[in-house]
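Last residue of the sequence shown: 480 in the numbering used here, with the numbers rising by one and none dropped.
The C-beta atom is built at its ideal place from N, Cα and C for all residues, glycine as well.
Given the structure is predicted, the values throughout are model-derived calculations rather than measurements.
Okay, so here's the structure we're looking at.
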Amino acid sequence: PPVEYEHLRRRIYSNMKELWYYLQHELGAATAGDAGGERLRDILDEAEERKRSLLSDMEKLPSLDGYQEWREAEAANASDLVQRRLRYLQNPADCANARKLVCNLNKGCGFGCQMHHLVYCLIFAYATERTLIVNSKGWRYNTKGWDYTFYPLSETCTTTFDDKVHPWPAQSEAKVISLPYIDSISRKPQFLPLTVPKDLAARVLKFNGDPAAWWIGQVLKFILRPRPEMQRAINETIAKMNFQRPIVGIHIRRTDKVGAEAAFHHIHEYMKHVKQYYDKLQLSTDVRARRVYIATDDPNALSDARSKYPDYTFHGDPSIAKTAAHRRYTPLSLTGLLVDLQLLSSCDYIVCTFSSQIGRLAYEMMQANRADASNSYFTLDDIYYYGGQNAHNRIAVLPHKGGKHEDISFEVGDFIGVAGNHWNGYGRGTNKKTNQDGLIPWYKTADHLVMYAFPEYKQVPL
Ligand code: GDP
19 PPVEYEHLRR RIYSNMKELW YYLQHELGAA TAGDAGGERL RDILDEAEER
69 KRSLLSDMEK LPSLDGYQEW REAEAANASD LVQRRLRYLQ NPADCANARK
119 LVCNLNKGCG FGCQMHHLVY CLIFAYATER TLIVNSKGWR YNTKGWDYTF
169 YPLSETCTTT FDDKVHPWPA QSEAKVISLP YIDSISRKPQ FLPLTVPKDL
219 AARVLKFNGD PAAWWIGQVL KFILRPRPEM QRAINETIAK MNFQRPIVGI
269 HIRRTDKVGA EAAFHHIHEY MKHVKQYYDK LQLSTDVRAR RVYIATDDPN
319 ALSDARSKYP DYTFHGDPSI AKTAAHRRYT PLSLTGLLVD LQLLSSCDYI
369 VCTFSSQIGR LAYEMMQANR ADASNSYFTL DDIYYYGGQN AHNRIAVLPH
419 KGGKHEDISF EVGDFIGVAG NHWNGYGRGT NKKTNQDGLI PWYKTADHLV
469 MYAFPEYKQV PL
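Below, the structure is given as structure tokens:
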């Protein structure tokens, strides 16, 4: 399919949603209190029905345009190519003489944060053609190390021998380099997220609406390979849960996160989007049961949801949430978390908060187990990002004259650094040309994908 067609199809879908966010917000505010409120609420309900029907029809388009089989095959091939390139990089013929990059897994943070640290290290290794050596002794989730739970990142090359380790930024000739955490890296290389390898991006854009998250998902897929014993333990827990599709996942991150790094979100906020998902699905499928999988670190979330939403069937394991809340950095909590991540990423749709690394991790994993997950989530707060990422811009595709509210002006082609989407038709950003900061009508802008000429690993067949 021509990439312009894919862009247009995605853009129409996204802007239908943006139109709905706008109407819902503006009309919703207008209904509060005044006499005409009831009439406006009726209009809003009618408008929602119309939106649902439009989106449902739009979703059928890819399966009817004759390209879907090709997209699925191309997605599988591209994913396989990345896995083979990483295997090649990680298993050099001559380990003793290979150039290496050393990372320490023991970043003092949660599992999602640590996985994102590893992703950054492996992308760095891929960009600089160095084999990544991971030091994980004394890991907080299992003091015996990474290899006790997961396959190591290399079958043949896991040590730096006695070579001197030079901290980055070192001479590019240095044989062994160690990396700092992404947060403290000075002069960030261009190849760090949300940048995508150029040779892959051209292919990925034809089957996926979010190549940046797709790329991170592929790197994660290589990293996150539980050993058979661990996979068996995960499967045993899952077998008890009666997990069936269609199902919507929700990730409710509470405990230490609330107030410190994110706001508290009530179950209603998640369920509103679950309902929208099922109401839409109902138009094309006979939905027998509205199933919801809850992953959370709040031991009360599951029973709370069950009591408030009797028309939905909730799945989840309260003991996992309890362990996540009280005995977080233990091998047992890791097993529970891996269950949650595997199930969240297997859902048809997830509602989460991208302020949480676990929410983002689940989405990235979804991007690695289907051709395109870019329309399979709703985040209640942040737009998708990667901690420590390079500048993330949108590009204006329609001109806008600001000044009516707090909105800013821009011309077609202007770059706008984005701070977030308010899910009311507007987002916040800074026009890089004028330095003006304020609201932007989201639909007049498009995501700007950054590509970089990574090594192309010609030794690995396409
Ligand atoms: P963030 O703090 O949410 O941004 O993500 P981190 O991964 O850095 O740290 C959160 C930690 O809390 C995770 O690594 C888990 O140990 C735990 N946690 C958070 N949410 C869940 C969940 O839904 N299920 C389970 N089992 N654990 C969770």
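Tell me which residue opens and which closes the beta strand (DSSP E) that TYR367 is part of. TYR367 -> beta strand (DSSP E) spans 367 to 370.
If I measure Cβ to Cβ from LEU171 and keep anything under 7 Å in the same chain, skipping five residues before and after, which residues do I get? Excluding sequence neighbours, LEU171 sits near GLN108, LEU150, VAL152 and ILE241.
Expected contact under 8 Å - CB spacing of HIS333 and ASN260 to nearest Å: 6 Å
Run the Cβ filter for me: residues under 6 Å from any heavy atom of the ligand GDP, listed in the order they occur in the chain. CYS127, GLY128, PHE129, GLY130, CYS131, HIS269, ARG271, LYS275, ALA313, THR314, ASP315, ILE338, ALA342, ARG346, SER351, GLY354, LEU355, ASP358, SER374, GLN375 and ILE376
Which residue marks the beginning of the beta strand (DSSP E) containing PRO459, and which one marks its end? For PRO459, the enclosing beta strand (DSSP E) starts and ends at 455 to 459.
Please state whether DSSP places ILE426 in a helix, a strand or coil. Look at ILE426 here: in three-state DSSP terms it is coil, with no helix or strand label.
If we count the other Cβ atoms within 10 Å of its Cβ and call it buried at 16 or more, is LEU480 buried or exposed? exposed
With distance defined between alpha-carbon atoms, name the residue in GLY126, ALA280, LYS78 and SER32 nearest to TYR444. SER32
Excluding the 5 residues flanking HIS423 on each side, which residues of the same chain have their C-beta closer than 7 Å to its C-beta? Excluding sequence neighbours, HIS423 sits near LEU457.
Going straight from the alpha carbon of THR341 to that of SER154, what length do you get? 23 Å
Within a Cβ cutoff of 6 Å, which residues of the same chain sit near LEU41, ignoring the five residues on either side of it in sequence? ALA65
Grab the span of the alpha helix (DSSP H) containing ASP60 for me, first residue to last. 55 to 82
May I have the straight-line CA-CA distance separating LEU58 from LYS206, to the nearest angstrom? If you take the alpha carbons of LEU58 and LYS206, they lie about 50 Å apart.
Please state the DSSP three-state secondary structure of ARG378. helix
Less than 8 Å between the beta carbons of ASN408 and GLN236, yes or no? no
Pairs of beta-carbons, one from the stretch 361 to 378 and one from the stretch 159 to 175, closer than 8 Å: are there three or more? no
With a threshold of 8 Å on Cβ separation, who are the neighbours of VAL183 within its own chain once the five nearest residues in sequence on each side are excluded? VAL120, VAL194, ILE195 and SER196
Am I right that LEU238 and MET383 are in contact with their C-beta atoms under 8 Å? What's the rounded C-beta distance? 6 Å
Close beta carbons around ALA48, own chain, < 7 Å, minus the five adjacent residues each side: LEU58
Whole-number beta carbon distance between PRO215 and TRP233, since they are thought to touch under 8 Å: 7 Å
Near ARG148, which residues of its chain fall below 6 Å by C-beta distance, leaving aside the five closest residues on each side in sequence? ARG117, LYS118 and LEU119
I need the straight-line Cα distance from SER394 to SER190, nearest angstrom please. 41 Å
Between the C-alpha atoms of TYR330 and SER302, what's the straight-line distance to the nearest angstrom? 19 Å
Who are the Cβ neighbours of ARG245 in its own chain at under 7 Å, not counting the five residues just before and after it? So the list reads THR167, PHE168 and TYR169, once near-sequence residues are dropped.
What span of residues does the alpha helix (DSSP H) with HIS291 cover, start to end? 285 to 302
Are the beta-carbon atoms of ILE426 and HIS466 separated by less than 8 Å? Judged by their CB atoms, ILE426 and HIS466 are not nearer to each other than the 8 Å cut-off.
Identify, in the order they occur along the chain, each residue of the same chain with its Cβ nearer than 6 Å to the Cβ of TYR461, setting aside the five sequence neighbours on each side. ASN33 and GLU36
Helix, strand or coil for HIS440 per DSSP? coil
Close Cβ partners of CYS113 (< 7 Å) along its chain, the five nearest in sequence each way excluded: THR174 and CYS175
Looking only at its own chain, which residues have a Cβ that is under 7 Å from the Cβ of TRP157, when we skip the five neighbours before and after it? LEU123, ASN124, GLY163 and TRP164
Cα-Cα separation between GLY84 and ALA91, rounded to whole angstroms: Their Cα atoms are separated by approximately 13 Å.
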